[in-house]
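Step one of this worksheet: look at the structure below.
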Amino acid sequence: MVPLAYYVMLSAIVFVIGLAGVLIRRNIVIILLSIELMLNAANINFVAFSHYAETIVGQVFVFFVMTVAAAEVTVGLAIVIALYRRRATLNVEELTLLKW
Amino acid sequence: MTLALLIPLLPFAAFLVVGLTGGLFAGPWRGRAHYIAVPAAFAALFLSLIVCWQVTQGLRLNQDLYVWIASGTFRVAIGLQIDPLTAVMLVLVTLVSSLVHLYSIGYMHGDRGYDRFFAYLGLFTFSMLMLVLSNNFLQLYVFWEAVGLCSYLLIAHWYERKSACDAATKAFVVNRIGDFGFGLGILLIFRTFGAVDYHTVFSMAPALTGVTVNLLGPLEWAGLSGAHWDVGVLTLIGLLLFAGAIGKSAQLPLHTWLPDAMEGPTPISALIHAATMVTAGVFLVARVSPLLNLSPTAMAVVAGVGGATALFAATIAVTQTDIKRIVAYSTVSQLGYMMLACGLGAYTAGIFHLLTHGAFKALLFLGCGSVIHALGEEQDLRRMGGLRSHLPVTYVTFLAGVVALAGLPPFAGFFSKDEILWAAYQAPGVGAKLLWLVGLVTAGLTAFYAFRLLYAVFHGPSKVRPELAGHLHESPSVMTVPLIVLGGLSVAAGWIGLPGSANLIGGFLSGVMGFAGVAAGHGGEDDSVAHGMVIGASVAAAVIGWAAAYLCYVKRPELPSVWAQRLPMLYQGSLNKWYVDELYDRLFVRPTVRLAGAMWQGIDVRVIDGTVNGIGATIRRWGRLAQLMQSGQLQHYALLMVVGLVVLVSLYLFW
Amino acid sequence: MTPTILFSDLVAILPEMIISVGACALLLLDLVLPKTARHWLAYLGLIILGAAGAATISLAAGQAELFGGLFILDPFSSYFKLLLYLATALTILLSIRYLQIERIHLGEYYAFLLFATCGLMVMVSGGDLITIFLGLELASVSLYILVGLNRHELRPIEASAKYFVLGSLSAAIFLYGMSLLFGATGTTNLGAAATALARGHGGPVLLMAMIFLLVGFGFKVAVVPFHMWTPDVYEGAPTSVTAYMSVAVKAATFAVFLRVFLEVFNPIKPHWTGWLIGLALATMVLGNLAAIVQQNIKRMLAYSSIAHAGYAMIGLIVGGELGTMSLMLYMAIYTLMNLGAFGVVILLRRTGVVGEQISDLSGLAKEHPAAALAMLIFMFSLAGLPPTAGFVAKFYLFMAAINAGLVWLAVAGVLLSAVSAYYYLRVVMVMYMKEPAGPIELAWSPPAVAALVIAAAATLFIGLYPAPLVGYTQDAILHLSLLR
Amino acid sequence: MGAWLTLVIFLPAAGAIGLWAVRRPEAVKWAALAITLAELLLSLPLWGAFDRTTATMQFVAEAPWIPRFDIFYRVGIDGISLPLILLTTALMPVCVICSWRSIDRRVKEFMISLLLMETAMIGVFSALDFVLFYVFWEAMLIPMYLIIGVWGGPKRLYAAIKFFLYTLAGSLLLLIALLALYFEGGRTFDLMKLMEASYGASFQFWIFWAFFLAFAIKVPMFPFHTWLPDAHVEAPTAGSVVLASVLLKMGAYGFLRFCLPMTPHASQLAMPGIAALSIVAILYGAYMALAQDDLKRLIAYSSVSHMGFVTLGIFVFNVQGVEGALLQMINHGITTGALFLCVGLLYERTHSRLISDYGGVARSMPRFAACLVIFALSSLGLPGTNSFVGEFLVLVGAFRVNPSVAALAALGLILAAVYLLWMVQRVVWGAGRPAVERLPDLSWREAATLVPLVGAVFWIGVYPEPLLAVMHHSVEHVVAQVGRDSLPDGVPLLVRWIAGRGTAP
Amino acid sequence: MTAVLFFYLATVIVGGSLLVVLLRNPIYSTIALLVMFAHVAGLYVLLNAEFIAAVQVVVYAGAILVLYLFVVMLLNVKREERFQRQVIPALVVAALLLAEVALVVFGGRVGDGLIGGFGGGSGGAFTAERIQAVGSTAIIGQVLFSAYLYPFEIASLLLLVAMVGAIVLSKKV
């Protein structure tokens, strides 16, 4: 049996990669993708813990997280489209109308 | 009691009425102040004479009118005390005051501030009377400052003149410096005796001889205070009170205000700056004699300051050219005499001289006033001369004043001055002999400048400005009558204090101010030879002075300039008042003003406000930095969040 | 293991049901109603809120864990729900005229506002990480949309994008924290987790979980260094939305913050007190400092709201009866005064004029004394000066801090509120002491006036007579499990 | 009778609210005048019915406010607060009258601010609950800020914010202190109970410094004084009058009401320091005044100097000192207030506050000049005027404790004479300048503001006993409170030499 | 066997994640994410969560990623700079975070922290056996509509809001 720690570590790696993606990429779509990575990392945790704790709650939680992810993506992509329409860019570095 | 109370209240009422009508409001009252003020003054004089007579019949009074301040154990009343000292002062004050009132009707006629002037006169008379009537130190202090205020207001009577205002401010401030000591003295009295009324203090004082305080007590922790900083508490009190007297009576080193005070109208110079207010210092010293007597040190200081002032002022008086200034320096000098007497324990002599001086000096000032009046505000000696024929009454009365001042027998000044010199001669110790010598020299100088004044003004060729020469005229009778009255007194006032057992004034006052040390003025028969010698010496000095003046200003008028050229240092020094004013200006006035400016710009604006504004500016600067963090780059924001996260985790893991 | 749903459970979520059904109704009515009648939707929204309020009040005395612990009904949550209704209602009142000026589509706006409120209510009542997360997301998603709803300008969409990216990031971090907490305790139920923790479960993972959760909460209430979105989003969003966000989200998040930290993490309180103090200090300092140099009033208020989050944290740090109470009180008062301040800013927005610069307020007192007076009251209240409500709020916070021995924290707090007085005063100064650049026309409307009057009167009233509110707040936490 | 006091406190506030309904500026002025006069009349019975034979609080009223935290509306007055309340009520009509013409815009708001100030000030002096006190204390900042900032001079914005932040920074620490006292004193905000409780030495120490900062800024004491000149210079006349006459007193009142009874031990420890600061304030303030060319700034610095006497008097802990300080507070209120009125009158006529722009005012405005000279003389402590009594009592008190302190303080009197007389000389005397020559003398309205003050100057100067009689018992009580715990061992040497020196019997 | 599977899946998941972040073209990134998601689903199967695995494939891979692809292609972004200027500090911070988590998970101080929470077979109701017996889909369905009815409703609201919101936001002005 694979130790729980491995799952947790795997999730951590994915989480950090996602985090790094948010921090370093300029394209807002890829940033959204990175956030998906992070959510998945949490999901891996939930399922793993759920398995090892012999409970179903974790899985239920993951189910809800997916719902949330779907909702977020919907809204997020709508925002991206609206943004692109108005500013013709997906580069978050150019979003500096609001500062200071 | 009611009678005594009425004496000060009459002038006060006059002040209120005159001040509130003509003084502040134009209209029908304007220019009629004398209808109220003069009768009030004379009524006060009349009452004073009655009271004085009652006192000779044994009346003594010491009564509180009402409690003024009561706080814990500190309790001060406003009260009246009447004894011989008070009585003579009452008479002097009301007499000179009423004469000056009368005189001013003529002198101040047509002045813009006529009514104001009379209001102030009333206020001054009230304050001066209350001063002498006080039965405690604090009340004395109150009216002490009040007369100072009147002096201030009257010096600045012609407030358009800058010099007048300067003089007024200077007078007040210099007096304040003396009063600083006076005030501290009262505080020390309260701390020492637990009371500030004369009776308690004087009756407790003998028990306190030998008790000391350490001047540097507060610095004990720094190891500075030692036994040699111990001072007898009575000495300290005496010296502090004397500081007040120094200021008020224009003694060294606070004498500078009095000559400048001549910027005021001449009647004021006569009343305040010659006869009454400036003698308050002497009065104070006489008043506290029961305390002073217990402290030889304080006495010595009083005598020393008095002697030094007498000589110092006389040396200045010889070269001045402003007639009022000559008389003013003479006043300073004569006040020095009085102090000298008091310091030697000859209080009665001091007060006697105070009285005679009051008469002849008031006369001299009023005479000067008459001259100035006639010459259209001219005060320079060098533009006078030969006025004898134009101003006969003035001349005669002035002459009486001069001989009285010069101390020629049998005029008033002779007897009082002689008593002082005799007291000095008689007192034990080398110092006293030295003081006698100083007194003698001063007597000579006094005679010199007195006659110089007389000759320069009334004798010799006229140097009056030609445009004035035509209509020189004698003053009106409201002005000459006071002159005549005072002239009579200058001649005769001395006779109340004939040497020996006939000394009326001495007997009258000695009950108040007896001094064990010197039986001043009226010693035993065996001293009569010595006494005669002393009299002879002083008369000789006066005559020498007279002769020198006659020589220099009548016989050979070119002599003074010759001497002036031959002794330039002395002449210039004397002419410039030994540069005391300049010295004070350099030492105190200018540094103070400069320091104030520097402190304001340096400490207040730069350091304190700089700090305050600096804090504000720093906060703003930090705010701008904080604002700069907000780059608008959302990934910076994200990074900062993650950094926060990492920092928190690190804190947990590694700390 | 499969708890049955009882009718009583459904009664307990009546307020949430009213709000969500009402929101859906608004969405539908928006399609049906003619364009001219759409502003009635706002009043319908108010009626819905009123109904929910009535339901909440009738339930307020209840104390129960329902849906198997997913939903908690207690006076604590009712307190915050009433606060949310108040905030929403005032926001709606302020929005009516403003939306016309901004040309924001009406029906959806009110519906999303209600959805957001519903999400926050779910959060406040959440007894389980799942409901808390879902409630948070419901509110967040609604707000992402609300922020970007104004399509006529450039700034709102940028704000929306920033808010969305950072919000999602924080949600992901928050979620990861939840997963770790789940890992550490084996449960998502707060009560159960607390029990597990009290038995000594946990260890390092628990602390990691706590830190991740802290980031999530910190983001929502705008605690340094997770605050960075606040100024940009507050500035960019429609002002009415900013107003709503600044109070409602903050209040609800603090409610959950309290629940989670004081109930679940109470056993390890010594660990987090220090960190929270650090964060609170940093928040107060940075918020106040940055607010000083702002020219845009919305941005200034954004930084000020950051600073206020820092103050409020003091209540959380202290915990206990006094700490909790003071925080709740603070949130209630903050809601009133901050909404009021934004309300005045909203009045300044009229067609063709942005009215967001502080200098736009110049001479307001001369032109519109009543509006200026209201703003004056709000500013002094935000600065925490008596006799306004803001003073009462700070008073209890500092009292709590001193009671807990955190005198120096209280001292730092008061000194920084002196700093804050500077920028609040600047607004007053501009209104009262500068001459107007030109005639100022305010976008008056009866509802907005009503909202301002309510906010100003309440701010003053609470300042003068705080006893009722204080008493109610104290009663609301009387039986709170997290305090035992 | 407690209800009466409450009425006195809140009448101006109620009037302020009522004023809102009045439209015409003239009517507003008359209404404000009527309210302040009514308030003055209302406050007089307090004086009459005051029991002078006890130190207990009188006219006490109590009502629950936030009872759960023992916050009550508690008011009451004793011999310390009564004179200050009367000073306030007496000066407010003057403030209204002197604003009659000088305030020409937003009259209503101005009068409302003034009236709100009055309520807050009276509230401060009569509050017996710490929270209530604090609320009044801070509430006053708001109208004062507006008065300076809206109706002030050219640099009013800077002055207003400086005033506000300075005082706020100080008083916020007061908030901390009062909260700490709440817990330490047995969970109560009742001042009477807080005064009876005794506190540990180190606790007292911290509380004292918090108090000190708040009150020292308000007084203002030496290094915290720089807000005052700016505030005074920029404030309108009525603002300056209120500021000088009443606001500054609140700091000193705070020292008396809080520091001495609640932190006696710390107060005694702090005594050398505060005495030193007071001396510095007296001399430094006087020096600053010497350097000024701006009349208002000069008077402001003279305030610093005069308030130095007040703090010195309070911190010598004996009856004379404290009564002197209290009396000096009243005196300073009258005299400095009046001086600001005078400057305001001049400013109304010429729109200049620079001394160098004046000269020879005595010729064109003799009645005004008389008043100005009287107030200047009062300010320099001339015997017979009010200030002398106060200052001398302070000196008596100080001298009993430490002669050298009293001597240094007395030096301030010399300097006062210098700067005030120099001011008088340059403004009142001298040759009339053309600009000054045609100035009209006092109008009846102006005279109505100045003449009562002249009367007060002499009344207190000549017969202060009625005022002192009111204070006696309360002051003795305070002095007993501060003396109740004797100096413990280990007190620094510095204290000992201040506390007991001199060998006089 | 499970171990081998786990390591395979883990490798692909990590690799896929890295590609998502590193690839220049968003389309490639999306496809990398797809691969990664599928392998995560595999991981779920490994953990006895078949239902979740199915949902992962259907919802994530099927719906969400298609949406992404759709948007990416719709917007047809021209090539841009890939990375932020802050790439180095960001990576350092990320690495630090990873190291710290690793420290917690494996590190000395951690001990068996994780296991301490609920060591193997801590007596939960849903043991692997029971789930396999009933089937995870059935169990989750049961739970969702009974115990988790309330959050389920909330989730539905959330989706409604997202849907309407997306329409409102992406509507042309």
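Order-wise, the sequence lines are chains V, A, D, B and P.
The numbering of the first sequence is numbering that gives the first Met the number 0, which starts it at 0 and goes up by one.
The numbering of the second sequence is numbering that gives the first Met the number 0, which starts it at 0 and goes up by one.
The numbering of the third sequence is numbering that gives the first Met the number 0, which starts it at 0 and goes up by one.
The numbering of the fourth sequence is numbering that gives the first Met the number 0, which starts it at 0 and goes up by one.
The numbering of the fifth sequence is numbering that gives the first Met the number 0, which starts it at 0 and goes up by one.
Just so it is clear, CB atoms sit at the ideal spot from N, CA and C, and this is done for glycine as well.
Residue of the options minimising C-alpha distance to residue i
| i | options | result |
| --- | --- | --- |
| isoleucine 350 (chain A) | A:Val326, A:Ser288, A:Leu644 and A:His372 | A:Ser288 |
| leucine 291 (chain A) | A:Ala307, A:Leu238 and A:Ser248 | A:Leu238 |
| proline 219 (chain B) | B:Val240, B:Ser302, B:Glu183 and B:Val400 | B:Ser302 |
Proximity test, Cβ basis, 8 Å: residue i and chain D
| i | result |
| --- | --- |
| leucine 130 (chain A) | no |
| valine 134 (chain B) | yes |
| glutamine 149 (chain P) | According to the sequence displayed, residue 149 (chain P) carries tyrosine and not glutamine. Yes - at least one Cβ of chain D is within 8 Å of the one on tyrosine 149 (chain P). |
Residue-level contact to chain V via CB, residue i, 8 Å cutoff
| i | result |
| --- | --- |
| serine 419 (chain D) | no |
| phenylalanine 225 (chain D) | no |
| glycine 235 (chain D) | yes |
For residue i, the three-state DSSP class (helix, strand or coil)
| i | result |
| --- | --- |
| glycine 522 (chain A) | Here glycine 522 (chain A) scores only 45 on pLDDT, less than 50, and its place in the model is too uncertain to base an answer on. |
| alanine 170 (chain D) | helix |
| leucine 22 (chain P) | coil |
| valine 7 (chain B) | helix |
| asparagine 188 (chain D) | strand |
Beta carbon proximity, residue i to chain A, threshold 8 Å
| i | result |
| --- | --- |
| alanine 132 (chain P) | no |
| valine 13 (chain P) | no |
| methionine 428 (chain D) | no |
Minimum Cβ-Cβ distance from residue i to chain P less than 8 Å
| i | result |
| --- | --- |
| isoleucine 16 (chain V) | yes |
| isoleucine 34 (chain V) | no |
Any chain B beta carbon closer than 8 Å to residue i
| i | result |
| --- | --- |
| methionine 127 (chain A) | no |
First and last residue of the uninterrupted alpha helix (DSSP H) at residue i
| i | result |
| --- | --- |
| proline 446 (chain D) | 445-463 |
| threonine 642 (chain A) | According to the sequence shown, residue 642 (chain A) is valine rather than threonine. From DSSP, the alpha helix (DSSP H) with valine 642 (chain A) extends over 633-653. |
| proline 433 (chain B) | 433-436 |
Range covered by the beta strand (DSSP E) that runs through residue i
| i | result |
| --- | --- |
| alanine 165 (chain P) | Not the beta strand (DSSP E): alanine 165 (chain P) falls in the alpha helix (DSSP H), residues 148-169. |
| valine 66 (chain A) | 60-70 |
Below-8 Å beta-carbon distance, residue i vs any chain F residue
| i | result |
| --- | --- |
| glutamate 137 (chain B) | Included in the structure are the protein chains V, A, D, B and P, with no chain F among them. |
Cβ contact check for the region 8-16 of chain B and the region 33-41 of chain B: 3 or more pairs under 8 Å: yes
Inter-stretch contact at 8 Å, needing at least 3 Cβ pairs: the region 70-85 of chain V / the region 58-75 of chain P: yes
Cβ pair count under 8 Å reaching 3, the region 69-78 of chain B against the region 118-135 of chain B: yes
The region 273-281 of chain B contacting the region 578-592 of chain A, beta-carbon criterion three pairs below 8 Å: no
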